Amino acid sequence: MKRIKHILGLCLLGLVLPMTGQAQVFPEKEKTTLALNWEGFMKGQNMLWNVLPTKRSEAPFMGNGKLGLMVYKDPEANALLFATGHAEATNHLKDATILGGELLPTGNFILTPAGKILKGQMELDLWNAETTTEIWTDRGKIKIISFVHADEQIIINRITTEGDEPQPEWSWKPAAQEESTSKQKEYKRRFVRSKVYPEGGISTFKSPSGGETAALWYLSRQKEANTLYITINHAYPDTVATELGKSEFRMVLRKGFNRVRHAHRNWWHDFYSASFVTLPDAMIENFYWAQMYKMGSSMREDGLGIIHGEPYAVYKQWPNRLWNFNVHSIYMPINGTNHNELALPLENAFYNAAEEDADTTRTWKKILGRLSRKGNKTQPPAVDEKDIENGQLVWACQNLWAIYRHKMDDNLLRYKLYPLLREATNRYIDQLHEESDGHYHLTTFYHHGKDTVTDNNFDLAMLRWGCQTMLSMSRRLQIEDPQITLWQRILKRLTPLKTHNGVLLANQNRPEVPLHLLSIYPLYTLNIEVERNKPLIHKSITDWVKKNEKSAGFPFVTASSLYATERNGTEALKQLQQMIRKQVLCNSMTKTDNYTPGLAGAQAILNMLMQSWNGIIRIFPAVPPEWQNIAFYHLRTEGAFLISAQKVNGKTTFVEVTNTAGELCTIELDFDNPTFDTSRRIRITRIGDRTYNIPIRKGESVRIYPRKSQPDFEIHAIGNNMGRYFGKKQ
605 MKRIKHILGL CLLGLVLPMT GQAQVFPEKE KTTLALNWEG FMKGQNMLWN VLPTKRSEAP
665 FMGNGKLGLM VYKDPEANAL LFATGHAEAT NHLKDATILG GELLPTGNFI LTPAGKILKG
725 QMELDLWNAE TTTEIWTDRG KIKIISFVHA DEQIIINRIT TEGDEPQPEW SWKPAAQEES
785 TSKQKEYKRR FVRSKVYPEG GISTFKSPSG GETAALWYLS RQKEANTLYI TINHAYPDTV
845 ATELGKSEFR MVLRKGFNRV RHAHRNWWHD FYSASFVTLP DAMIENFYWA QMYKMGSSMR
905 EDGLGIIHGE PYAVYKQWPN RLWNFNVHSI YMPINGTNHN ELALPLENAF YNAAEEDADT
965 TRTWKKILGR LSRKGNKTQP PAVDEKDIEN GQLVWACQNL WAIYRHKMDD NLLRYKLYPL
1025 LREATNRYID QLHEESDGHY HLTTFYHHGK DTVTDNNFDL AMLRWGCQTM LSMSRRLQIE
1085 DPQITLWQRI LKRLTPLKTH NGVLLANQNR PEVPLHLLSI YPLYTLNIEV ERNKPLIHKS
1145 ITDWVKKNEK SAGFPFVTAS SLYATERNGT EALKQLQQMI RKQVLCNSMT KTDNYTPGLA
1205 GAQAILNMLM QSWNGIIRIF PAVPPEWQNI AFYHLRTEGA FLISAQKVNG KTTFVEVTNT
1265 AGELCTIELD FDNPTFDTSR RIRITRIGDR TYNIPIRKGE SVRIYPRKSQ PDFEIHAIGN
1325 NMGRYFGKKQ
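Following this note's numbering, the numbering of the sequence shown begins with 605 at its first residue and continues without gaps.
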């Protein structure tokens, strides 16, 4: 098909030139292609250990959203530990404490060689989601290939030996009765577990609160290799976990090792290929792909929502699921990386609650209970008004809104999100009162650890965003809501955000948590598009960063995204680098024992490459100057557009936009004098500095590139010496 070019020679005057051509979508061969050897590229992202890890915080991890596995050497014995975990294995305590729903450890499989371990090495193969462990003993060598199957609830370890080293012995050590996943003493004092009843190849944990966790294993002995199959299942309130495990074994053993492994690898290859990012900084690129692996190993569309470290049973500070800053940050990168399917657990946790109970009052108390300091997914308690964190519900709705905006399902908007956000916003409105200054003010709300003062910036930002978004929803859905006038009046008369010495006032109880800056990011209700906001935004960010320079990892990645909203790529990169070097462990987990900093760091990278908010897609808004060569393929934006773009020697060579939902594309470029390639006659309108409306239809694409250039429209990996930054080095 003849390429159709539309050069905006007169667009500076607001004029649009007509285009000629056939009204059809580009043939696939004419769209941007990803010229990539995936296996070779991902090999450069692998984690390498040239010494054996001796604790969980150093160990490679594998998982499928429910099952988890970590492998490391026993520091006190001549053995390897294969530590298992299950994201659904909780205590189901029927009390209204934070312990309700505590994640429980399951136990370890122990590999004991005949010879004395002399040395070892490990490699976590991200492309295939497998860990290869090699140990040398004074009698020979043992090689173990381990993986947690992507789709089936099965852990597989394939063992071969060399020299005089025979096949090793395997044993099972269930978690001790007093053991807890928490580091905090008060959790261990209150911890409740049942007795363990081991049988041949079966170990069960029957909880006094009901339910069962069962570990089953089977060692297949063959001439070329032995294979240890493990399955762990949890059932509640029934005690059918053992039967579930037996059924899993029958299916897997019937298929055989090769077929099962092939299906596992195919799942992972499809997962990675949803989008692509390549960077000139090997450390940052390795970090990004480690987070993609972490997403794939801990989230599933039919799984539970994750908060801290499930399903690896990492011993951590908080042993249960808390709806707070963590969940909001963890789920951010699923949108931009084109993994909308991973949002389903979060959506179901809220949307399905309204269908569980016809009593509206009980429904909202149930939802708010899940968001309270005492809440959890499996046992939402009755909560006192003082424990309700209304802002957390609005914030959860912001996550749900972002998910909606990246797929544009209006049925979901009308019947699920609209009523949920309306109720959450109304809870704020019920607490508004007018004072003599003519402004509406909020009473004290509880959130994130301690009571807060009246008119705190967190709640003010959430209320403003809620009213703005309700108006946006009602316009789109053409709903004549009787509260429209009220929402408009609140936006005009709501008291301004609190400031002190030219910066937004922080929560004094938890100053390291930037709740006072949420209006800047991720709500964008206070943004640099309004010129007068810039000084306040800049001073507020720098003030908070300076005060938290010695904090744990989360402030660094939050600061990175905040600077990205300011379009300060240099500072955004600096903060991300500091977090990786100071807070990220050798296996890409963080010192805070949870996922949040890592996945929030992946979002910070996306924010440097592309942003979409308030209806505008921004290409390369905060790229640091040292990133001269970068590229990405099929990142997803609000409006459900897929974007591919490339920079070479610091200059953008092309951008491609594919419309998947039929929305109007409004895009801000980082170069002047663009040429637009489309497949039919359209009118492109320049609406601002480097900003254009492009009315491509659903299924259509537009390619944009500098005038007089001839890009090849191929995305290649950037040569960055493939650092293999993660893993333990001697």
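We put the beta carbon where it would ideally sit given N, CA and C, even for glycine.
Quantities reported herein were computed from a predicted structural model and do not represent experimental measurements.
For the alpha helix (DSSP H) that residue i lies in, which residues bound it at each end?
i     : result
C1001 : 994-1009
N1061 : 1061-1081
F861  : 861-876
I1145 : 1138-1151
V931  : 929-934
F954  : 948-955
Y897  : 886-902
P937  : 937-940
Please report how far the alpha carbon of residue i lies from the alpha carbon of residue j, in whole angstroms.
i     : j     : result
T710  : E945  : 28 angstroms
V881  : N668  : 23 angstroms
I1271 : T1264 : 15 angstroms
F1330 : M1183 : 14 angstroms
L1338 : I1083 : Any property of residue 1338 remains undetermined from this structure, which presents the chain solely from 605 to 1334.
Q1334 : L722  : 14 angstroms
R794  : H690  : In this predicted model, R794 has a pLDDT of only 42, less than 50, meaning its place in the structure is not dependable; the value taken from the coordinates is given anyway. Going by the C-alpha atoms only, they are around 21 angstroms apart.
T1200 : N930  : 5 angstroms
R1068 : P1299 : 31 angstroms
Y955  : Q1002 : 14 angstroms
E1135 : S1192 : 39 angstroms
R1031 : T1047 : 11 angstroms
N1277 : M1012 : 31 angstroms
D1281 : I1291 : 19 angstroms
V1227 : C1190 : 26 angstroms
G1323 : P884  : 7 angstroms
T1262 : Q1181 : 32 angstroms
Check whether the Cβ atoms of residue i and residue j sit closer than 8 angstroms, and answer yes or no.
i     : j     : result
Y822  : H696  : no
T758  : E852  : Note on identity: in this sequence residue 758 is Ile, with Thr being the wrong assignment. For I758 and E852, yes; Cβs fall inside 8 angstroms.
I1145 : S1248 : no
L1064 : L1101 : yes
L1108 : N1061 : yes
V856  : E734  : no
R1328 : N890  : yes
L848  : V752  : no
A829  : T741  : no
F1245 : T636  : no
Between which two residues does the beta strand (DSSP E) carrying residue i extend?
i     : result
P1310 : 1305-1310
R1290 : 1289-1292
F645  : Where F645 is concerned, there is no enclosing beta strand (DSSP E), although the alpha helix (DSSP H) it sits in stretches over 642-647.
M651  : 651-653
K1195 : Premise fails: K1195 is in no beta strand (DSSP E) and is neither H nor E.
T1029 : Premise fails: T1029 lies in the alpha helix (DSSP H), 1022-1033, not in any beta strand (DSSP E).
A687  : 684-690
Q1314 : Run containing Q1314: none; DSSP gives neither H nor E here.
K745  : 744-752
Once you ignore the five residues that flank residue i on each side, which residues in its own chain have a CB closer than 8 angstroms to its CB?
i     : result
H1045 : L1036, H1037, E1038, E1039, T1058, D1059, T1099
P1315 : Q1250, T1257, F1258, Y1309
Can you list, in chain order, the residues of its chain whose CB lies under 6 angstroms from that of residue i, leaving out five sequence neighbours each side?
i     : result
E727  : N650, L652, T736
Y1125 : S1165, L1166, T1169
Y1022 : M1077
E773  : T716
P1310 : F1275
T1256 : D1274, F1275
E790  : Reliability of the predicted coordinates at E790 is poor, the pLDDT of 49 falling under 50, and the value obtained from them is presented with this limitation in mind. Result list for E790: empty, nothing under 6 angstroms.
L1203 : Q895, I934, P937
For residue i, which residues of its own chain have a beta-carbon under 7 angstroms away from its beta-carbon, when the five flanking residues on both sides are left out?
i     : result
R743  : A718, G719, G767, D768, E769
E632  : Caution is warranted here: a pLDDT of 43 is assigned to E632, below 50, making its placement in the model unreliable, and no coordinate value can be reported.
A1321 : L640, F645, T882
Please classify residue i: is it buried, with 16 or more other beta-carbons within 10 angstroms of its beta-carbon, or exposed?
i     : result
I1094 : buried
G1106 : exposed
A639  : exposed
K1186 : exposed
V918  : Only weak support exists for where V918 lies, its pLDDT of 49 falling under 50; the value from the coordinates is given anyway. By the neighbour-count rule (16 or more Cβ atoms within 10 Å), V918 is buried.
D729  : buried
H1010 : buried
L1239 : buried
E1175 : buried
G815  : buried
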